[in-house]
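Take a look at the structure below.
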Amino acid sequence: MLPATLPTDRSLVMGILNVTPDSFSDGGLYVDTDVAVERAYRMVRQGADIVDVGGESTRPGATALSAREEWNRIGAVVAALGKTDIVVSVDTYHADTARRAIDAGAEIVNDVTGGAGDPNMFSAVASSSCLYILQHGRGNARTMNSLANYGDIGAEVADELTASVARAVSSGVDASQIVVDPGFGFAKVGNDDWDLAANMAPIMELGMPVLVGVSRKRFLAEIHNGRSGPAQRDDATAALTAYFAELGVWGVRVHEVAASRAAVETVARLRTAGAYP
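Everything in the sequence shown is counted per my numbering, starting at 15 for the first residue and increasing by one.
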């Protein structure tokens with residue numbers, strides 16, 4: 015479980031550290047171990063509570079890696095950060111990577127497939143005390159967009175998360191280990207992400223911690239009137255961070271930490287002052 019030193023009076027901020035050559039936002043920037051570790055420290059200085067280390071791009075159409083290839087990318091970074099007091103998350107759907115990361119000091123496994131990517135993931139999590147972020151999705155990186163068909167998106171995502179949680183628990187994962195993620199950008203197309211953001215109630219009513227990751231995602235591009243580049247979406251990301259913090263999410267996963275940390279702190283102050291229930 016997470017260290018008791020982490021705050022419980024506001025949404026947590028998870029900083030994204032992509033040790034990848036091909037991520038949609040910052041691929042290639044942090045493939046060097048020393049550069050990646052310094053980036054992690056910089057995010058913590060900016061206010062990150064957690065650093066999420068990933069070695070495989072999960073954008074639609076991305077090439078899948080083996081667990082060995084993934085660990086070759088991230089192992090040195092996870093090992094270096096695991097020796098510090100930084101709370102480390104590993105972004106993986108490979109059980110072998112999860113086990114090695116936990117042994118190296120990671121305290122969270124962030125699985126974008128919700129256990130569907132590796133039949134051994136649930137047992138790997140169950141044999142540890144780590145937190146497990148179970149994300150909603152349909153299909154894989156190559157098929158997800160073709161499966162984005164919803165009626166009531168909030169209710170459907172909540173129902174599918176409930177089914178995934180039940181599978182995890184039946185495989186030995188303790189319910190107290192699980193954080194759910196509605197999977198913005200995963201099997202969501204067109205206005206689906208906006209509709210999901212506006213209809214979070216069924217997911218919040220599951221009674222489980224909720225992580226959201228909307229940072230720099232494609233649906234935010236329209237906010238910036240044609241200005242190009244994922245980094246141009248950071249302002250919209252921070253605005254949505256404030257919205258989700260008001261809803262009471264457990265955490266937000268972001269590329270640019272400082273603005274989102276300011277957003278969650280602002281909402282926490284307003285809540286203390288009586289602005290929200």
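Note that the Cβ used here is the ideal one computed from N, Cα and C, for glycine as well.
Taking DSSP's pairing of strands, which residues face residue 28 in a bridge? Residue mapping note: residue 28 aligns to position 14 of the sequence shown, counting from 1. Listed as beta-bridge partners of residue 28 by DSSP are 64 and 267.
May I ask you to report which of helix, strand or coil DSSP gives residue 123? Residue numbering aside, residue 123 sits at position 109 when the sequence shown is read from its first letter. Residue state, collapsed to three classes: strand.
Output yes or no for whether 8 Å exceeds the beta carbon distance between residue 122 and residue 148. Here the question's residue 122 lines up with position 108 in the sequence shown. Here the question's residue 148 lines up with position 134 in the sequence shown. Taking 8 Å as the cut-off, the beta carbon of residue 122 is found no closer than this to the beta carbon of residue 148.
Where residue 185 sits in the DSSP three-state scheme: Mapped onto the sequence shown, residue 185 falls at position 171. Shown here, residue 185 sits in coil according to DSSP, grouped into three states, outside any helix or strand.
Cβ contact check for the segment 218-225 and the segment 180-199: 3 or more pairs under 8 Å: Counting C-beta pairs closer than 8 Å gives three or more between the segment 218-225 and the segment 180-199, which meets the contact rule.
Could you name each continuous alpha helix (DSSP H) segment of 4 residues or more that falls completely within the segment 216-286, going from the start of the chain to the end? 248-261 and 271-286, all fully within the segment 216-286.
According to DSSP, is residue 175 helix, strand or coil? Locating residue 175 in the sequence shown gives position 161, where the first residue counts as 1. Residue 175 falls in the helix class under three-state DSSP.
Taking all protein chains shown into account, decide if residue 184 is buried (16 or more other Cβ within 10 angstroms of its Cβ) or exposed. Start at 1 with the first residue of the sequence shown, and residue 184 comes out as number 170. The Cβ neighbour count for residue 184, taken over all protein chains shown within 10 Å, is under 16; the residue is labelled exposed.
Just to confirm before moving on: does the CB-CB distance between residue 152 and residue 201 stay below 8 Å? As a working mapping, residue 152 is identified with position 138 in the sequence shown. As a working mapping, residue 201 is identified with position 187 in the sequence shown. A contact, by the Cβ cut-off of 8 Å.
May I have the straight-line CA-CA distance separating residue 230 from residue 29, to the nearest angstrom? Taking the sequence shown and counting its residues from 1, one reaches residue 230 at position 216. Taking the sequence shown and counting its residues from 1, one reaches residue 29 at position 15. Looking at the two C-alpha atoms, the distance is approximately 13 Å.
Out of curiosity, what's the CA-to-CA distance linking residue 266 and residue 255? Position 252 of the sequence shown, counted from the first residue, corresponds to residue 266. Position 241 of the sequence shown, counted from the first residue, corresponds to residue 255. Linking residue 266 to residue 255 through their CA atoms gives a straight-line distance of about 7 Å.
Would you check if the distance between the CB atom of residue 92 and the CB atom of residue 115 is smaller than 8 Å? Locating residue 92 in the sequence shown gives position 78, counting from the first residue. Locating residue 115 in the sequence shown gives position 101, counting from the first residue. In this structure, residue 115 lies closer than 8 Å to residue 92 by Cβ.
Pick from 55, 106 and 60 that is closest to residue 71, judged by C-alpha positions: The residue you call residue 71 lines up with position 57 of the sequence shown. The shortest Cα separation from residue 71 among 55, 106 and 60 belongs to 106.
When burial is assigned at 16 or more other CB atoms within 10 Å of the CB, is residue 245 buried or exposed? For the purposes of this step, residue 245 is identified with residue 231 of the sequence shown, where counting begins at 1. Under this definition residue 245 is an exposed residue.
Provide the residue span of the alpha helix (DSSP H) that contains residue 143, from first to last. For the purposes of this step, residue 143 is taken as the residue at position 129 of the sequence shown. From DSSP, residue 143 is part of no alpha helix (DSSP H); its letter is neither H nor E.
Three-state class that DSSP yields for residue 133 in the structure shown: If you number the sequence shown from 1, residue 133 lands on position 119. Correct three-state label for residue 133: coil.
Between which two residues does the alpha helix (DSSP H) containing residue 91 stretch? In the sequence shown, the residue the question calls residue 91 occupies position 77. Unbroken alpha helix (DSSP H) run through residue 91: 81-96.
The beta strand (DSSP E) that contains residue 46, what's its start and end? For this step, residue 46 is matched to residue 32 along the sequence shown. Taken as a continuous stretch (DSSP letters only), residue 46 belongs to no beta strand (DSSP E), as it is neither H nor E.
Would you call residue 247 buried or exposed, if buried means 16 or more other Cβ atoms sit within 10 Å of its Cβ? The sequence position of residue 247 within the sequence shown is 233, counting from 1. Flag for residue 247 reads buried.
Any idea which residues DSSP pairs residue 192 with across the strands? To locate residue 192, count along the sequence shown from 1; it is residue 178. Listed as beta-bridge partners of residue 192 by DSSP are 146.
In terms of alpha-carbon separation, which member of 169, 68, 95 and 204 lies closest to residue 83? One-based indexing of the sequence shown puts residue 83 at position 69. Closest in C-alpha terms to residue 83, from the list 169, 68, 95 and 204, comes 68.
From residue 275 to residue 235, what distance separates their C-alpha atoms? On the sequence shown, residue 275 is found 261 positions in, with the first residue counted as 1. On the sequence shown, residue 235 is found 221 positions in, with the first residue counted as 1. Taking the straight line from one Cα to the other gives about 22 Å.
Limits of the alpha helix (DSSP H) - the one that residue 105 falls within: The residue given as residue 105 occupies position 91 in the sequence shown. No alpha helix (DSSP H) contains residue 105, which is instead part of the beta strand (DSSP E) from 101-105.
Have a look at residue 259 and residue 253 and give me their C-alpha separation to the nearest angstrom. Looking up residue 259 in the sequence shown gives position 245. Looking up residue 253 in the sequence shown gives position 239. Cα to Cα, the separation comes out at about 10 Å.
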